[in-house]
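Enquirer: Protein chains in written order, with this note's numbering: chain A, 162 to 362; chain B, 162 to 362.
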DNA sequence: TTGTTTAATCCGACTGTTCGGTATGTTTGT
DNA sequence: ACAAACATACCGAACAGTCGGATTAAACAA
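Now the structure itself:
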């Protein structure tokens with residue numbers, strides 16, 4: 162079985178991550194995925210549709226993960242588990258990229274996210290919910306860690322949750338500007354480690 | 162005097178902030194600024210050039226400001242001054258926007274920044290330096306605040322500096338996703354206030 | 001197995017439109 | 001009169017999308 166549609170989808174994801182929706186041409190999608198225009202339009206009705214499917218199939222899943230599966234009994238294991246997910250995601254994308262293209266993967270999660278926010282209005286609500294859930298999950302773990310005595314701090318749980326979440330996004334932003342996303346993991350780790358150190362009793 | 166060139170530049174900035182370089186057409190630039198193609202090409206040689214000038218004239222100045230002019234004798238006054246700058250920048254852009262367009266200003270600093278990073282290679286180095294300077298400025302103020310006894314913390318100055326800087330960028334990211342940039346200021350204030358509270362002796 | 005039909009998959013030349021940019025003019029201020 | 005400032009009709013290239021047909025695979029019959 163030759164999952165042609167899947168091939169086109171995967172290639173499109175990588176191209177959109179590189180350059181954004183408008184900058185990627187049909188010619189590129191078709192050529193990079195190794196098919197023809199006819200093949201493409203056999204599986205998709207338009208360029209916009211392949212973008213939609215890319216977001217649904219890959220991107221939404223990449224951003225969203227179930228916090229219930231993460232260890233919530235301790236803040237330390239929770240944030241370490243988050244770090245691992247961050248690292249795995251990057252590894253998978255990188256290996257996919259190297260199957261299709263050459264050179265380093267200029268992973269720009271935000272570029273494709275911005276496009277999705279503009280082109281697909283339902284994404285905005287979806288993202289709002291995602292962020293709420295993420296903050297709530299952190300808040301819950303932090304509240305728990307405070308009652309068990311794992312940590313002790315002047316911060317409110319909500320506030321500390323924001324510090325963990327926002328700092329990682331801020332670092333991601335900076336990494337995009339100066340490239341080198343491999344440093345992202347280490348930088349986030351450093352900040353989260355020290356945040357954790359500062360609230361240990 | 163009819164600063165036509167300035168008018169075109171300002172309108173272009175607002176359009177690029179809305180939609181990014183590729184998505185803005187010459188037709189839009191020309192129509193929104195109230196001129197004709199002839200007028201545009203009298204002042205600029207290409208679409209790329211007006212983008213370059215927009216970055217040089219407006220955007221670089223918006224991102225870069227001289228930290229020497231900010232009060233550095235106390236961390237508190239330093240971060241409050243930073244907040245003020247944040248607020249002013251937003252106000253100016255909003256009032257400009259309302260002179261030319263209708264509705265709310267979908268300010269997306271990062272969209273235009275990403276485009277600049279791709280289209281103008283020299284911007285990357287410029288940004289790297291900017292970030293270094295920003296972190297250094299915070300670090301210096303924090304070091305000073307530690308010696309004067311204003312604050313007392315387990316964090317290293319560099320680390321605390323990163324927390325201030327990264328958190329604001331992370332918040333900005335989140336605000337773009339869920340719009341409402343007017344909340345940005347309050348959110349950054351909340352985090353910075355509590356960060357400051359946590360390191361007070 | 002072999003031949004035949006039918007559907008799925010794939011191809012690439014072609015189309016209408018939009019794009020950034022140009023050529024050639026007209027107006028305006030000095 | 002003569003630049004500088006603007007307007008507009010127009011151009012070729014690039015774009016997303018279409019179409020008739022070629023190729024392959026699946027289904028069925030002999």
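C-beta: ideal position from N, C-alpha, C; glycine also.
Please specify which runs of the alpha helix (DSSP H), each continuous and at least 4 residues long, are wholly inside the segment 290-347 of chain A, giving them in chain order.
Expert: With a minimum length of 4 residues, the continuous alpha helix (DSSP H) runs that stay inside the segment 290-347 of chain A are 318-338.
Enquirer: Quick one, are the C-beta atoms of residue 356 of chain A and residue 328 of chain A less than 9 Å apart?
Expert: In the first chain, counting from the first residue as 1, residue 356 of chain A sits at position 195. In the first chain, counting from the first residue as 1, residue 328 of chain A sits at position 167. Yes, these two residues count as a Cβ contact at 9 Å.
Enquirer: Report the residues of the segment 277-290 of chain A with a CB closer than 8 Å to any CB of chain B, ordered along the chain.
Expert: Listed by position along the chain: 278, 279, 285, 288 and 289.
Enquirer: Output needed in chain order: residues of the segment 300-319 of chain B with a Cβ under 9 Å from some Cβ in chain A.
Expert: Under the 9 Å Cβ criterion, the segment 300-319 of chain B contributes 314, 315, 316 and 317.
Enquirer: Closest Cβ-Cβ distance between residue 184 of chain A and chain B: below 9 Å?
Expert: The residue labelled residue 184 of chain A in the question sits at position 23 within the first chain. Closer than 9 Å: yes.
Enquirer: Considering only residues of the same chain and omitting the five flanking positions on each side of residue 348 of chain B, which have a CB-CB separation below 6 Å?
Expert: For the purposes of this step, residue 348 of chain B is taken as residue 187 along the second chain, with counting starting at 1. Hits under 6 Å: 332.
Enquirer: Just how far apart, CA to CA, sit residue 291 of chain A and residue 346 of chain A?
Expert: Translated into positions along the first chain, residue 291 of chain A becomes position 130. Translated into positions along the first chain, residue 346 of chain A becomes position 185. Straight-line Cα distance between these residues: approximately 21 Å.
Enquirer: Taking only beta-carbon atoms, is residue 209 of chain A less than 9 Å away from chain B?
Expert: By one-based count along the first chain, residue 209 of chain A stands at place 48. Taking Cβ atoms only, chain B never reaches closer than 9 Å to residue 209 of chain A, which makes this a no.
Enquirer: In its own chain, which residues sit with a C-beta less than 6 Å from the C-beta of residue 211 of chain A, not counting the 5 before and 5 after it?
Expert: One-based indexing of the first chain puts residue 211 of chain A at position 50. Same-chain partners within the cutoff: 173 and 205.
Enquirer: Select from the segment 324-339 of chain A all residues with a C-beta closer than 9 Å to any C-beta belonging to chain B, and list them in chain order.
Expert: Cβ contacts with chain B: 324, 326, 327, 328, 329, 330, 331, 332, 333, 334, 335, 337, 338 and 339.
Enquirer: Is DSSP giving residue 225 of chain B helix, strand or coil here?
Expert: Counting from 1 along the second chain, the entry for residue 225 of chain B is found at position 64. Reduced to three states, the DSSP call for residue 225 of chain B is coil.
Enquirer: Applying the criterion that 16 or more other CB atoms from any shown protein chain within 10 Å of the CB defines a buried residue, is residue 279 of chain A buried or exposed?
Expert: Within the first chain, the letter at position 118 stands for residue 279 of chain A. Buried, because 16 or more other Cβ atoms sit within 10 Å of the Cβ of residue 279 of chain A.
Enquirer: Which chain B residues sit within Cβ distance under 9 Å of residue 294 of chain A?
Expert: Taking the first residue of the first chain as position 1, residue 294 of chain A is located at position 133. The contacting residues do not exist; residue 294 of chain A stays about 13 Å from chain B at best.
Enquirer: Near residue 133 of chain A, which residues of its chain fall below 7 Å by C-beta distance, leaving aside the five closest residues on each side in sequence?
Expert: Outside the displayed range of chain A (162 to 362) lies residue 133 of chain A, so it cannot be described from this structure.
Enquirer: How long is the line joining the alpha carbons of residue 326 of chain A and residue 330 of chain B, rounded to whole angstroms?
Expert: Locating residue 326 of chain A in the first chain gives position 165, where the first residue counts as 1. Locating residue 330 of chain B in the second chain gives position 169, where the first residue counts as 1. Roughly 11 Å separates the two Cα atoms.
Enquirer: Can you list the residues of chain A that residue 358 of chain B reaches, using a CB-CB cut of under 8 Å?
Expert: Locating residue 358 of chain B in the second chain gives position 197, where the first residue counts as 1. 315, listed in chain order.
Enquirer: Is there at least one Cβ from chain A nearer than 9 Å to residue 189 of chain B's Cβ?
Expert: Locating residue 189 of chain B in the second chain gives position 28, where the first residue counts as 1. No - not a single Cβ of chain A is within 9 Å of the one on residue 189 of chain B.
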